[in-house]
């Protein structure tokens, strides 16, 4: 696995984890206790990790020669919660299949 794919994989999983933290923070803010601390903590974390994910998608696009469609799907996967994990699995499965092909 290339360094670009390794960093992409880390960023994809971190983006999903930061989404989970932000969603929990929003749940507590709007449903349970009306306290903003969770959003104040996880909002900036998620923002930084989101940008890192976008950066690693662009780096992997160049390094792995992804198609335009794959790259756009990777970028769009950052919007819905946890979709980056699905996209990461898709990319890793295709990379593994390509490595096994003669």
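Residue numbers (full-length UniProt numbering): 1 to 102.
We put the beta carbon where it would ideally sit given N, CA and C, even for glycine.
Pick out whichever of the options has its Cα sitting closest to the Cα of residue i.
| i | options | result |
| --- | --- | --- |
| residue 71 | 6, 96, 9 and 54 | 54 |
| residue 75 | 92, 57 and 64 | 57 |
| residue 64 | 45, 14, 46 and 92 | 92 |
| residue 45 | 69, 95, 96 and 20 | 20 |
If you follow the alpha helix (DSSP H) that residue i is in, where does it begin and where does it stop?
| i | result |
| --- | --- |
| residue 24 | 3-27 |
| residue 88 | 83-100 |
| residue 39 | 37-64 |
Alpha carbon to alpha carbon, what distance is there between residue j and residue i?
| i | j | result |
| --- | --- | --- |
| residue 33 | residue 84 | 30 Å |
| residue 59 | residue 4 | 6 Å |
| residue 1 | residue 90 | 14 Å |
| residue 68 | residue 26 | 34 Å |
| residue 39 | residue 29 | 7 Å |
| residue 80 | residue 97 | 27 Å |
Below 8 Å on the Cβ atoms is my contact criterion, and I expect residue i with residue j to pass it. Report the Cβ-Cβ distance as a whole number of Å.
| i | j | result |
| --- | --- | --- |
| residue 78 | residue 42 | So it is not a contact: roughly 16 Å between Cβ atoms. |
Please work out which residues of its chain come closer than 7 Å, Cβ to Cβ, to residue i, disregarding the five sequence neighbours upstream and downstream, and give them in chain order.
| i | result |
| --- | --- |
| residue 66 | 60 |
| residue 82 | 16 and 19 |
Beta-carbon within less than 6 Å of residue i's beta-carbon, same chain only, minus the 5 sequence neighbours each way: which residues are those?
| i | result |
| --- | --- |
| residue 14 | 49 |
| residue 7 | 56 |
| residue 36 | 29 |
Who are the Cβ neighbours of residue i in its own chain at under 8 Å, not counting the five residues just before and after it?
| i | result |
| --- | --- |
| residue 99 | none |
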